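First up is the structure itself, then whatever we jot down about it.
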Amino acid sequence: MTAAHLTEELALRFARIALGHVGREYPNKPDHTLAGPEDARTPRELHPIFYGSYDWHSCVHSYWMLTRLLRRYPGFAAATDIRALFDAQLTPEKVAVECAYLAAPTARGFKRPYGWGWLLKLAAELSLLDDKSWSKIIAPLAEVFAQRFRDFLPLATYPVRVGTHFNTAFGLRMAADYATATADEALATLLRETALRWYGEDADCPAWGEPSGDDFQSSALIEAECMRRLLAPEAFLPWFDRFLPRLERREPATLFRPATVTDRSDGKIAHLDGLNLSRAWCWRALAGALPDGDVRRLVAKTAAAEHLAAGIPHIAGDYMGEHWLASFAVLALEEES
Numbered sequence: 000m001t002a003a004h005l006t007e008e009l010a011l012r013f014a015r016i017a018l019g020h021v022g023r024e025y026p027n028k029p030d031h032t033l034a035g036p037e038d039a040r041t042p043r044e045l046h047p048i049f050y051g052s053y054d055w056h057s058c059v060h061s062y063w064m065l066t067r068l069l070r071r072y073p074g075f076a077a078a079t080d081i082r083a084l085f086d087a088q089l090t091p092e093k094v095a096v097e098c099a100y101l102a103a104p105t106a107r108g109f110k111r112p113y114g115w116g117w118l119l120k121l122a123a124e125l126s127l128l129d130d131k132s133w134s135k136i137i138a139p140l141a142e143v144f145a146q147r148f149r150d151f152l153p154l155a156t157y158p159v160r161v162g163t164h165f166n167t168a169f170g171l172r173m174a175a176d177y178a179t180a181t182a183d184e185a186l187a188t189l190l191r192e193t194a195l196r197w198y199g200e201d202a203d204c205p206a207w208g209e210p211s212g213d214d215f216q217s218s219a220l221i222e223a224e225c226m227r228r229l230l231a232p233e234a235f236l237p238w239f240d241r242f243l244p245r246l247e248r249r250e251p252a253t254l255f256r257p258a259t260v261t262d263r264s265d266g267k268i269a270h271l272d273g274l275n276l277s278r279a280w281c282w283r284a285l286a287g288a289l290p291d292g293d294v295r296r297l298v299a300k301t302a303a304a305e306h307l308a309a310g311i312p313h314i315a316g317d318y319m320g321e322h323w324l325a326s327f328a329v330l331a332l333e334e335e336s
C-alpha cells in the first residue's frame, strides 16, 4: 500500500498501532545509568509517561504522532482513546517525575540530541491543539530540554553526521519547531547560528557512506532539511546549490536508491525501513523549497515517492519496526511539497 498524503484511514491504522505499544512496558531497552543499587528500577518507575514503545524516545515520538493525528482528524475513530491516554499520562505529577530523572548528574547526556528534539517536537505539536491543557502540563519538561540545547550547543565544536540517533542536524531541525511554537527567538537564533557554524561551508556532498547497515536517517538529506528549516530561502537556496550540485542528474546516486531490508526482526537492519521513510520526508520538504519550474523539484518529488513506496508497506509486522516506524511515515506523508 502506498499513499501520497495522510488519509483518515491511514491515520486510524497508525493510531491503533501506536496505542498498542505506548503502554507496552516490555520488551524495553532503557538508556539508563546506574549510580547505585537504588537506580535499578523498572521503566515505568523511571519514566511514568514514556515507559512504553521499547524505548523512551520511540514512546515520545509516538505521542507526537498521536497528537498530530488528533489535530488532523479530531473526530476520527481513535480520538477518544488518544484523549483518554493523554488525560491519564500527561499529568503534572508524572511530568515532575520525568523532570526529576533528568536532574540526576548521570542523565546529563540522556537521549542527546534525538530524544531532546523529539520531546520539543511533541511539545510544539501539543501547543497547536485546540485544547491547550496538555501543552501547559508538559511545558516544564520541554523547558528542561530546551535549556539542554542552550547549554550544549555552544560547547559542541563539531557536528555528528551519522545516520542514527546521534545526528545533530536532526536535533536542530526538530528543536526549530519548538522555537517557532514558543516564539523563542533567542533559541531559534542559537539553532540557526549553530547550523551555519557546523554546516554552512559544506559543499559537493558525496554521501559516500550512505547507507550504513543501521541507518534510519540520511546524514546528507537531514543536513539539507535542517538548513532548509533554519535558513531563509534566499540563504538556503545558494547553500543547497553548493551542497548537492548535481541533483538534477540524480547524483549522488546512493541518495536515490531505496535501502534494501533483509531481516525485519533485527532491530538494526529494520532501521533501514526508517531510512526510506525519513528520506521521503526530507525529499518532499526539499522539493517544496525549490522554485516552480526548477527541474530539481520533480527529481526530489520522484525520489520521495520512490522511498515512500519502499517504506510504507512495512510499518507493522515485527515489533522491531512497529514500535516506531509509523512516526516517520507521518512525517513523510504530512510534508507538503
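So the sequence shown is numbered by numbering that gives the first Met the number 0: it starts at 0 and just counts up by one. No residue lacks a Cβ here, since even glycine has one placed at the ideal position from N, Cα and C. A quick note: this is a predicted structure, and the numbers were derived from the prediction, not measured.
**Prompt:** Going by Cα to Cα distance, which pick from 265, 312, 262 and 239 is closest to residue 289?
**Reply:** Taking the sequence shown and counting its residues from 1, one reaches residue 289 at position 290. Measuring from the Cα of residue 289, the nearest candidate turns out to be 239.
**Asked** How many Å lie between residue 230 and residue 57 at the Cα?
**Response** Residue 230 sits at position 231 when you count from the first residue of the sequence shown. Residue 57 sits at position 58 when you count from the first residue of the sequence shown. Whole-angstrom Cα-Cα distance: 28 Å.
**Message:** Restricting to runs no shorter than 3 residues, where is the beta strand (DSSP E) found entirely within the segment 77-111?
**Reply:** none
**Asked** On the premise that residue 285 lies in contact with residue 227, defined as a C-beta separation below 8 Å, what is that separation, rounded to the nearest angstrom?
**Response** Residue numbering aside, residue 227 sits at position 228 when the sequence shown is read from its first letter. Residue numbering aside, residue 285 sits at position 286 when the sequence shown is read from its first letter. Yes, they are in contact, since the Cβ atoms of residue 227 and residue 285 sit about 6 Å apart, within 8 Å.
**Asked** Would you call residue 110 buried or exposed, if buried means 16 or more other Cβ atoms sit within 10 Å of its Cβ?
**Response** In the sequence shown, counting from the first residue as 1, residue 110 sits at position 111. Buried.
**Request:** Flag this pair as touching only if the segment 312-331 and the segment 10-17 have three or more C-beta atom pairs under 8 Å; answer yes or no.
**Result:** yes
**Asked** Among 48, 157, 275 and 208, which has the Cα closest to the Cα of residue 96?
**Response** As a working mapping, residue 96 is identified with position 97 in the sequence shown. Out of 48, 157, 275 and 208, 48 has the C-alpha closest to the C-alpha of residue 96.
**Item:** Integer-rounded CB distance, given that residue 133 should sit under 8 Å from residue 60
**Value:** Here residue 60 refers to the residue found at position 61 of the sequence shown. Here residue 133 refers to the residue found at position 134 of the sequence shown. Residue 60 to residue 133, Cβ: 16 Å. No contact.
**Request:** Could you say which of 255, 270 and 253 lies nearest to residue 261 if we only look at CA atoms?
**Result:** Residue mapping note: residue 261 aligns to position 262 of the sequence shown, counting from 1. Minimum Cα distance to residue 261 is reached at 270.
**Prompt:** Are the CB atoms of residue 214 and residue 274 nearer to each other than 8 Å?
**Reply:** Against the sequence shown, residue 214 aligns to sequence position 215. Against the sequence shown, residue 274 aligns to sequence position 275. Yes, the pair counts as a contact, with Cβ atoms nearer than the cut-off.
**Rounded straight-line distance, which links the Cα of residue 181 to that of residue 293** = One-based indexing of the sequence shown puts residue 293 at position 294. One-based indexing of the sequence shown puts residue 181 at position 182. In a straight line, the C-alpha of residue 293 is about 34 Å away from that of residue 181.
**Request:** Whole angstroms is fine: what's the gap from residue 235's alpha carbon to residue 208's?
**Result:** As a first step, residue 235 is located in the sequence shown; it is residue number 236 there, counting from the start. As a first step, residue 208 is located in the sequence shown; it is residue number 209 there, counting from the start. Cα to Cα, residue 235 sits roughly 24 Å from residue 208.
**Message:** Let's see if you can read the secondary structure: which residues bound the alpha helix (DSSP H) around residue 337?
**Reply:** Residue 337 is absent from the structure shown; the chain starts at 0 and stops at 336.
**Prompt:** Are the beta-carbon atoms belonging to residue 51 and residue 92 less than 8 Å from one another?
**Reply:** For the purposes of this step, residue 51 is identified with residue 52 of the sequence shown, where counting begins at 1. For the purposes of this step, residue 92 is identified with residue 93 of the sequence shown, where counting begins at 1. The answer is no: Cβ separation not under 8 Å.
**Message:** According to DSSP, simplified to helix, strand and coil, what is residue 275?
**Reply:** Stepping through the sequence shown from its first residue, residue 275 is reached at position 276. Three-state DSSP puts residue 275 in a helix.
**Message:** For a quick check, are the C-beta atoms of residue 122 and residue 141 less than 8 Å apart?
**Reply:** Translated into the one-based positions of the sequence shown, residue 122 becomes position 123. Translated into the one-based positions of the sequence shown, residue 141 becomes position 142. Yes.
**Message:** Please list the terminal residues of the continuous alpha helix (DSSP H) segment that includes residue 225.
**Reply:** Position 226 of the sequence shown, counting from 1, holds the residue named residue 225. Taken as a continuous stretch (DSSP letters only), the alpha helix (DSSP H) holding residue 225 covers 218-229.
**Asked** Is the distance from the Cβ of residue 295 to the Cβ of residue 250 below 8 Å?
**Response** Sequence index remark: in the sequence shown, residue 295 carries index 296 (1-based). Sequence index remark: in the sequence shown, residue 250 carries index 251 (1-based). The answer is no: Cβ separation not under 8 Å.
**Cα-Cα separation between residue 264 and residue 291, rounded to whole angstroms** = Walking along the sequence shown from the start, residue 264 turns up at place 265. Walking along the sequence shown from the start, residue 291 turns up at place 292. Spanning the two alpha carbons is a distance of roughly 42 Å.
**Request:** Whole angstroms is fine: what's the gap from residue 241's alpha carbon to residue 199's?
**Result:** Taking the sequence shown and counting its residues from 1, one reaches residue 241 at position 242. Taking the sequence shown and counting its residues from 1, one reaches residue 199 at position 200. Approximately 10 Å between the Cα atoms of the pair.
**Item:** Alpha carbon of residue 22 to alpha carbon of residue 89, nearest angstrom
**Value:** By 1-based counting over the sequence shown, the position of residue 22 is 23. By 1-based counting over the sequence shown, the position of residue 89 is 90. Roughly 13 Å between the two C-alpha positions.
**Message:** So that I know if they touch, is there some Cβ in chain D lying closer than 8 Å to that of residue 191?
**Reply:** Included in the structure is just one protein chain, with no chain D present.
**Message:** Could you tell me the alpha carbon to alpha carbon distance between residue 31 and residue 267, rounded to whole angstroms?
**Reply:** One-based indexing of the sequence shown puts residue 31 at position 32. One-based indexing of the sequence shown puts residue 267 at position 268. Rounded to the nearest angstrom, the two C-alpha atoms are 20 Å apart.
**Request:** Could you name the residues of the same chain whose beta carbon sits closer than 6 Å to that of residue 197, not counting the 5 residues immediately before and after it, in chain order?
**Result:** For the purposes of this step, residue 197 is identified with residue 198 of the sequence shown, where counting begins at 1. The answer, listed in chain order, is 158.
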